[in-house]
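Protein chains in written order, with my numbering: chain A, 1 to 358; chain B, 1 to 718; chain C, 1 to 503.
For glycine and all other residues, C-beta sits at the position ideal for the given N, C-alpha and C.
All figures in this text were calculated on a predicted structure; none of them were measured in a lab.
Taking it in order: structure first as C-alpha cells, then the write-up.
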Amino acid sequence: MTTWWQRWRGIGGASPAIPPLDGPYDANNALEEGDALLRVDAPDNLFKVGGQLQFTSGTKRMAIIGPGEAVLVEDHGTEITAAAGDGGDSGVVALSGGTLLRVGLRPDATSRIGTLDGDITALAFDREGAILACIGSSKHGLGAWTRDLLEKRREGSLWRLDPRTAAATKLSHGLAYPCGVLSLSNGSVVVAEAWRHRLVEVLPGGRTKPLASDLPGYPARLISADGGGAWLAVMAPRNQLVEFVLREDEYRNRMLSEIDPAHWIAPSLTRARSFLEPMQQGAQRSLGTLKPWAPSMSIGLVIRFSHDWAAQYSLFSRADGTRHGIRSVLRDADRLLATSIGAGEILSLPLSKLGERI
Amino acid sequence: MPREQHDGTSVCNASALSLRDRLLPSHLLGEVLSKDWIDTLIPTAFLGVTAVALFILTPGFFAAASLSDLSRVLGEYLLVGMGVAIIMIAGGIDLSIGSAFALCNFVALALVFKFQLHVALAFPLTIAFGIGLGAINGYLVGYRRLRAFLTTLVTLVIFRSIFDLLALNYSATLLQNYQVNGIALWDFMGDGEILGLPSSFVAALLVAAGCHVYLTRLRGGWHVQAVGGSRRSAFNAGINVRRTVAATFMLGGALTAIGAFFFAARLNTAGSSTGVGMELIVITGIVLGGISLGGGRGSIAKALLGMTAVICITNGMLRMGLASGGSSMVLGAVLIVAVILDIRWAKNRHKVLARNYVAPVRFVMPPLVDSQPGAATPYAMNQGLAGVSAIGLRQLEGPEDVILDEDDHLYTGTRHGDIVRFLAPDYSRQEIVAHIGGHPLGMAIDRDGSIVACVAGMGLYRTTRDGEVTCLTNETNRSRFSIIDDSKIKMADDLDIAPDGRIFFTDPSVRYELSDWLNEALEMRGNGRLICFDPRDGSTRTVARNLIFPNGVCMTNDGQSLLLASTWACRILRYWYDGPKIGQIEVVIENLPGYPDNINRASDGTFWCALVGMRSPAFDLMLEMPKVRERMIKRVAPDNCLFANTNSGCLIRFDAEGRVLQSLWDPTGEAHSHVTSMREHKGRLFIGGLRNNRIGMIDLPEAGQDWSGYRSYWGDAR
Amino acid sequence: MTGPANGAKPMLRLQGISKYYHSAAAVRNVDLEFRAGECHALLGENGAGKSTLSKLISGVTQPTEGAILLDGKPVSFRSPIDGLRSGIVMVHQETSLVPSMTVAQNLFLGDETWFNRKRKLEIEAQIFLNSLNFEVSPEALVSSLGSARKQMVEIARAVRQKARLIIFDEPTATLTPEEKSHFFALLARLRRDGVAIVFISHALEEALQIADRITVLRDGQVVSSGQVTEYDRARIVSDMVGRSRPGDVQDVPPRKVRPRQKEVLSVRNLSMGKVVRNTSFTVYAGQVTGMFGLVGSGRTETARIIAGLAKRDFFYGGDVMLEGRPVRYRVPRQAMFDGIAYVTEDRKHDGFFETMSIADNLGVAAMARSARFWALPSSRLVSLFHHWKRKLDIKTIDEGARVVELSGGNQQKVVIARSLQLNPRIVILDEPTRGVDVGAIAEIHKAINALADEGYAVILISSYLPEVMAMSDRVLVSRAGKIVEEFSPETATEQQIMYAAVH
C-alpha cells in the first residue's frame with residue numbers, strides 16, 4: 001500500500017520503476033536463434049487434441065502435420081480468441097463474443113457448449129474435466145486489449161463450466177485482464193493478471209493470492225511443465241513510458257480519443273512498422289545498428305517458473321529481433337513450441353538445449 | 001499567417017505562449033540557478049529577514065537619522081571587514097584587527113592633534129602604519145609559515161597591550177588643544193556626506209568595487225584565491241605563495257587603518273574599549289556571508305552582505321537594550337543557522353538545478369500531412385533511396401554533412417573531431433585533412449576552395465585544402481536581457497556563405513550543448529539564433545533570435561535571402577539579409593511531415609532538404625502539454641522518454657516559393673537509416689547522417705550532369 | 001612507433017643523479033637521456049624512484065648528488081617556477097589543481113594576463129579542451145569534477161604551456177579506453193611538434209604501445225634502458241621485480257563464471273541530479289558484479305548513494321532494497337551497520353587515516369561496527385593486524401608503521417582490510433587497483449576472488465576493461481548515469497562492451 005508520503009515523493013509503490021532485465025530475467029537471444037517450425041499469419045492458441053497439434057490463425061483452426069506443413073481443420077467464420085485441449089481426444093475453442101465450442105480432430109466433431117458474456121482470453125481444463133475460462137474485460141474484446149489497459153480497467157473474471165451441464169459459475173471477478181489460466185494438480189487455479197504483471201492463485205470465494213509478482217512484462221497464457229512449475233508466455237514488455245502515460249490522465253484521454261490506436265503509446269505484439277508509432281530516445285539507431293537493449297513496446301519473452309513459482313530463466317527475442325508478441329506456448333515431447341504473432345511464425349526450441357530434464 | 005517578424009517569436013511559435021509563461025518564463029528559474037552569484041542567495045535572504053525583524057522589534061530603526069548613523073559605523077566595519085575577507089579567501093585569518101584598529105586610531109589622533117600634521121598628510125601616514133602592522137602578521141604567516149590563527153592571536157594581545165600603554169600615558173596630553181590642521185577634511189571624514197550617504201560608507205563602497213575587480217579580474221586576486229584553495233597547487237603552478245599571503249595581510253592592515261582614521265575623525269577619542277570584540281563581529285559577518293574558513297571560496301559581495309546583517313543585528317539589539325552578553329549569544333545562534341543553511345544549499349544546488357533546467361513550452365503542431373505510400377501528397381513514401389550505395393561503411397562515425405570540391409573529392413566531419421577527405425573517383429581511399437577536436441557539422445566551400453565548417457561547441461573554423469586550421473569566430477555579442485551568458489557559441493550547426501563573403505551560420509541552442517540537443521525537442525522554446533560573421537571586419541553579430549532549433553542554412557539564388565530550417569517546428573523560413581525586406585523572417589514551408597535538418601542547392605534552381613526524423617501523433621500531442629513533458633523529464637529515464645522518430649527520414653526537393661516537388665525515401669532503413677544532410681554534385685547525390693557510420697551515394701539521372709555546388713556559388717573564378 | 005632519429009642531441013641528461021631522504025637513498029646514481037620528439041617510459045614498482053626522478057627533473061625537489069644538463073648546460077631548479085621557465089612541465093599523479101576555482105581558471109593558473117575577463121577565458125578554455133577531445137565544461141568548479149576529469153584538466157594545462165619536456169605521472173590511470181585513445185593521439189601530435197615526453201606508468205602494455213624508449217627502475221637504480229623494440233611484457237616484469245612473477249592479469253587462466261546466489265541488493269530507478277539518471281540493477285551474493293563505463297557515467301556516484309556517502313534526489317529519487325527491505329542511509333555509519341562497505345576510489349583523499357598506524361586504522365574500523373567495544377586492548381589490535389597481514393599478504397615490517405609510508409598496493413590492501421573488518425554483506429570496490437604496481441594487483445585480485453567465493457556480494461567498479469573482463473562474473477555497463485546493459489564476460493567481446501558504453 002503506498003502511503004501519501006510515498007506518493008508525494010514518488011518512491012516505493014508510487015515509483016515509476018520497472019524491474020531491470022537481470023537475474024532470472026537476464027536478457028539473451030534464445031527465441032531469436034530458435035528455428036521456425038512454420039510461417040503463418042498471426043498464429044495463436046497452440047493446443048493438442050487427440051495427439052494432433054492444433055493452433056488458431058484469425059478465424060481458422062489449423063493442424064500441424066509435419067515440419068513446415070499445416071492444414072486447415074475448420075474455418076469458424078469469427079475470430080477465435082482462445083483454445084485448449086483436455087489432454088484427450090477433444091478440446092474447447094472460444095469465438096469472439098463468448099461462444100464456446102467443443103472440437104475434435106475433424107470439423108464434424110464440433111459442437112456448441114454455451115456462451116459467456118465477453119471475449120474469452122484463456123481456456124483450460126481442470127482435473128474433473130470442467131472448463132476454466134477467463135474473460136479479460138467485460139467492456140473490450142481481445143482485439144482492444146490496449147484500450148482496456150489504457151482505460152485502467154479491472155473488469156476481468158474467471159468462470160468454471162460444469163463438465164456435464166456446462167452451467168457457468170463465476171469463480172472470481174475484478175481481475176486486471178486475466179489472460180492465462182492453469183489448473184494445478186492439487187486443484188488450485190492459477191491466473192495471469194496482465195495489467196498487474198503477476199500470477200495469482202484464485203482461492204475459493206474469489207480472493208486471490210499472488211504467486212509471482214513484479215514480472216517484467218504483461219503475462220499471457222501459461223502451461224504446466226514436467227516436474228512442477230510452468231512456462232509463461234509474456235505478450236509484451238513493461239515500459240516506463242507506458243506506465244508514465246497511465247498516470248497522466250489528461251494526456252491519456254486525449255490520446256485515446258484523438259489518435260489512431262495503432263499509433264498509441266501502448267504495448268504492442270509486433271515491432272514498430274511505421275514511423276507514426278511512438279519512438280523513445282534510447283531506440284535511436286546509432287552507427288546503423290539498433291541496440292538490443294533499446295526500450296521497445298514489443299518483445300518476445302517466455303519465462304520458466306519452478307514449482308514454487310520462482311522464476312528460473314527466460315527466453316528472449318529483444319528489441320532488434322522480430323519474433324515478438326508470443327501469446328501461447330506448448331510443450332510437445334522434447335521441444336517447446338511458441339507462437340509469435342509479431343513475426344507470424346511458430347517457433348520450436350529443443351528442451352535439451354534449455355537444460356531441462358526430459 | 002504572420003509574414004514578417006524580425007524577432008522570430010511569433011513566427012517560430014505560432015501558438016500563443018501562455019500568459020504566465022510570458023510574464024515569468026519558466027526557463028529563468030533554471031538559468032538563475034546555474035549562475036554562480038546565486039550563492040549570495042542565503043546572505044541576501046538573511047539580510048531581508050533581519051531587516052523585517054528589526055523593523056518590527058525596534059520602531060524607528062529605519063528612520064533617516066538612525067540609518068545614516070548606522071551606515072557611518074557600518075562603513076568603518078565594512079572597510080576593516082573587506083581586509084579580513086581577502087585574508088580569509090587566501091586561506092589565512094586575522095584576529096588582530098581589533099587591536100590594530102585601536103592602535104591606528106591612536107596614531108591618527110596623535111598625528112593630527114599632537115604633531116599637528118595636516119590631515120591630508122596624516123591619513124597616508126596612518127595607512128602606512130597600518131600596512132606596517134599587517135606586514136608583521138604577513139611576514140610571520142607568509143614567510144615563516146606559522147599558523148595564521150595562533151600568530152594573529154598573539155599579535156592581538158601584543159597590539160592591545162601597546163595600545164593600552166600608549167593610551168594610559170599619552171591620552172591626556174593627546175587632546176589638549178583642539179586645533180586641527182585641515183579641519184575641513186577632518187570634519188568631512190567625520191560627519192560629511194556625499195549624495196546623502198556618509199563619507200565612510202561611500203569610501204567602503206569604492207573600496208568594495210576595487211576589491212571585487214581585484215578578486216574577479218586581476219591576476220593578483222586570482223592568485224589569492226588559488227593560494228586559499230590549495231597552497232601546494234599554487235606553488236606547483238609557479239605562484240609566489242609566500243609573497244601573496246604576506247600581501248593580503250598588508251592589504252588588511254591598510255584597510256584597517258583607513259577604517260580607524262574615519263573612526264578617529266568621527267569620535268576624536270582613544271577610549272580603552274576601541275576595537276574590542278571587533279574581530280568577532282567582522283569574522284561572524286564574513287562567515288555568515290558564505291566565505292569559507294578553509295579559504296579559496298568567497299567574494300566581496302558575500303562579505304558585505306554578511307557584515308551588514310551582523311551589524312544591523314548588533315545595532316538593533318543595542319537599541320532594544322539587550323545586555324552585550326545577550327547580543328553575542330544571539331549573534332552565535334544566527335551564525336550557526338546561517339552556516340548550516342549555506343552548507344546544505346551548496347550541496348543540493350546542483351540537484352535542484354538539474355531538476356528545473358529543462359523548461360518546456362506549449363506548441364500546437366498543425367494537423368499531420370499524410371505521407372504513407374500512395375498518399376496524394378508529394379511526401380508519399382517511395383523507394384527513392386533504396387538503391388543507395390555506401391562510402392566509408394563502418395569507418396566513419398558521425399558524418400553529419402558532406403561537401404565536394406571542384407576536383408570531386410568528398411569532405412566530411414567525424415565524431416573524433418577530424419575533417420576527412422575521400423579521394424575521387426571511387427571514394428574508397430580516405431585521409432585526415434585536419435584535426436579540430438570538436439565534431440565538425442555543417443560545411444561550405446569558400447571562394448578560395450577552403451572548407452568553412454561549423455564545429456560543435458567551438459564555433460566557425462576554416463580549413464585550407466592542405467589542412468591548415470584557423471578559427472574564424474567563437475563568440476558573438478551578448479544579448480542584453482539574457483541571464484545566461486549567450487555570447488559563447490554552444491552548438492554551431494550549419495552555415496552558408498553569401499556572395500559578398502559574409503558567413504551566416506545557425507546556433508540552434510543557447511541553453512544546451514551538442515550532447516543534450518534532445519532536450520531542445522522537448523522544450524520547443526525559441527532558444528536558437530542566426531549569426532552573421534563578416535570576414536571584412538571580423539565582426540560577429542546575432543541577426544535573428546528566438547528561433548526554434550534553427551538548423552540548415554542555404555543561400556537562395558536571388559542574392560538577398562537565405563533559407564533556414566527550423567527543425568523541431570517542422571518549418572522552413574526565409575531570412576532577408578539584403579534588399580528592401582532586410583532583416584525580416586517569413587515562413588516558406590509550414591507543417592512539414594518531418595523535421596528539416598540541412599538545406600542545399602539542387603541543380604535546377606530548386607533546393608534539397610533532409611528530414612532527419614518524422615512526426616508521430618503521440619509526440620505532436622505531447623508538444624501541446626508542457627507540464628506533461630516536464631514531469632516526463634523528471635520521472636522517466638532519458639532513454640525511455642518519448643521522442644521524435646529519427647530512425648526514418650527522407651529527402652525532399654522544393655522550389656523557392658515553397659512548393660514541395662519530390663521526396664526520396666528508404667522505407668526499410670537498411671540502405672541508409674539516418675539522414676541529416678545531402679549534397680548534389682555532378683549528377684549524383686551524397687547523403688550524410690549525424691549518427692550514421694557511412695555516406696550514401698545515389699545517381700540522379702534527370703539532374704544536371706556537370707552541375708556542381710562550387711560553380712553555382714562562385715561561378716568559374718578560382 | 002619510433003620517434004625521430006635517435007642521433008639527435010639529448011635535450012635533457014641526468015648524470016650520476018642521487019637523492020637521499022635522511023640517509024635512505026630514493027634514487028642512486030642514475031644516468032638518463034631525454035630527446036626532443038621522443039616518448040621515454042619510466043617503469044618500475046612503487047618505491048622504485050619513478051616519482052622522485054620526476055620531482056627532480058621538474059624542480060619540485062633538488063638532487064643530493066649529480067648534475068642535470070639542459071641542452072648540454074648544467075642547470076639547477078630551486079622550485080617548479082624555474083622548471084616551468086625552462087620549459088619543463090610536470091603533470092602530478094595526485095591532482096595539483098585548485099578545487100575552489102573553475103576549470104578555466106585552473107587551466108591558465110600561473111600565467112594569466114594582469115586583467116582577465118572570466119567569459120573570454122572560459123571560451124578559450126572550451127576551445128582548447130575540445131581540441132584535445134577532453135569533455136570538461138570550463139565553467140565547472142574543479143571540486144565538482146571526478147578524478148578522471150581532473151586528470152584531463154591537468155594534462156590540458158601541461159600541454160597548453162608550450163613546454164619542451166612534459167612529465168606525465170600515471171596519466172592514464174583514471175582514463176577509460178575511449179579517453180586513452182584521444183590521449184595517445186595527443187601524445188603523437190606532441191611528439192610530432194618535437195616535445196620530449198616522460199611517461200611514468202604501471203600500465204606496461206600502454207608503455208609498450210606508445211613509448212620509443214623504455215627505462216626500468218628498481219630500488220632507485222636503473223636496471224635496464226633501451227629501445228622499445230628490445231622489450232616485451234615478460235622482460236619488463238622480470239626487470240622490475242628481479243624475478244618473473246606469476247599472477248599477472250593477462251595470464252590469469254579463463255575460469256568458470258560463478259552462478260548467482262540469492263539477491264542481496266536491488267536498486268530501482270535511482271536518481272541524483274544529472275549524474276545518476278533512473279538507474280536500476282540487482283546484485284547477487286557470491287558473485288563479482290563488474291561495473292564498467294566511461295568517465296562521468298555515474299558509477300561512483302551510484303555506489304556512494306548506496307553506501308550512504310551521497311543523498312539521492314528528494315523527489316522521484318528511486319529505491320534501494322537490501323534483501324527486499326527499502327533502505328535510505330543519511331550517513332555511511334548506517335550503511336556499515338547494514339553490512340555495506342565502500343572502498344573509496346581516491347584512497348589518499350578519504351581512504352585511511354594517514355597519521356595513524358596500520359593497527360590503529362584497523363582498530364577504528366572494528367570499533368565502528370560493534371557498539372560493544374568502547375575500547376580495544378592493544379593485543380586485539382596486534383591480532384587483527386596479523387590476521388589481515390596474512391589474509392591479504394600486506395608487506396610491512398610491523399603494525400606500528402604509518403600507512404602513508406606504505407606502497408600504493410599495500411595502502412590499498414589496508415583500506416580493503418579496514419572495510420572487510422566490518423564483515424559486510426556487500427563490498428563495493430571503486431577502482432581498487434588504480435596506481436598499484438603489477439605484483440600487488442595480482443594479490444588484490446586474489447583477495448577479491450576470495451571474497452566472492454566466501455559468498456560476499458562484490459561490486460567492482462573499474463575503468464580498465466581487461467580487469468573488468470577478467471574479474472567479473474557479470475558486467476554491467478553504465479552510460480550517462482544509467483546501467484544500460486548486462487554482459488556475460490564469457491560471451492561478450494570488448495568491442496561490444498565499448499559500443500554499449502559509448503553509444
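Interface partners of residue i on chain B, CB under 9 Å
i	result
E258(A)	P617 and L621
N253(A)	Simply none; closest approach about 11 Å.
Y145(C)	Note that residue 145(C) is Leu in the sequence shown here, rather than Tyr. None at all; the shortest Cβ gap to chain B is about 12 Å.
Test: residue i CB closer than 8 Å to a CB of chain C
i	result
I597(B)	What sits at residue 597(B) in the sequence shown is Asp, not Ile. Not one chain C Cβ lies under 8 Å of D597(B).
W159(A)	no
Cβ of residue i within 8 Å of any chain A Cβ
i	result
F315(C)	yes
P355(B)	Note on identity: in this sequence residue 355(B) is Arg, with Pro being the wrong assignment. Chain A contact via Cβ: absent.
Y284(C)	yes
Proximal chain A residues relative to residue i, where beta-carbon distance stays under 7 Å
i	result
R635(B)	G10, P16 and F244
R425(C)	Near R425(C) there are no residues of chain A at all, since even the closest Cβ is about 17 Å away, more than 7 Å.
Contact with chain B by residue i, beta-carbon distance below 8 Å
i	result
G110(C)	yes
I265(A)	yes
K482(C)	yes
A307(C)	no
N239(A)	yes
V98(C)	yes
First through last residue of the alpha helix (DSSP H) which encompasses residue i
i	result
Y575(B)	Careful: Y575(B) lies outside any alpha helix (DSSP H), inside the beta strand (DSSP E) at R571 to W576.
N137(B)	V119 to G138
T113(C)	Per DSSP, T113(C) belongs to no alpha helix (DSSP H) and is neither H nor E.
W222(B)	R219 to G229
V245(A)	Q240 to V245
Listed by chain order, chain A residues near residue i by CB distance under 8 Å
i	result
G318(C)	I11, S15 and A17
C641(B)	L241, Q280 and Q281
Per-residue contacts from residue i into chain B (C-beta, under 8 Å)
i	result
S314(A)	The premise fails here: S314(A) is roughly 21 Å from chain B at the closest Cβ pair, so nothing lies under 8 Å.
Beta-carbon proximity of residue i to residue j, cut-off 8 Å
i	j	result
I80(A)	R102(A)	no
I419(B)	V402(B)	no
I88(C)	S51(C)	no
Boundaries of the beta strand (DSSP E) in which residue i is found, first to last residue
i	result
Y411(B)	L410 to G413
I197(C)	A196 to I200
N133(C)	Per DSSP, N133(C) belongs to no beta strand (DSSP E) and is neither H nor E.
Residue ranges of each alpha helix (DSSP H) within the segment 124-181 of chain A, 4 or longer: Scanning the segment 124-181 of chain A from its first residue to its last, the whole alpha helix (DSSP H) runs of 4-plus residues come out as 145-150.
Contained alpha helix (DSSP H) runs [length at least 4] in the segment 460-502 of chain C, N- to C-terminal order: Counting only runs of at least 4 residues, the segment 460-502 of chain C fully encloses the following alpha helix (DSSP H) elements, listed from N- to C-terminal order: 465-471 and 494-502.
4 or more residues per run - each alpha helix (DSSP H) lying fully within the segment 499-535 of chain B: Taking 4 residues as the minimum length, the alpha helix (DSSP H) runs contained wholly in the segment 499-535 of chain B are 517-523, in order along the chain.
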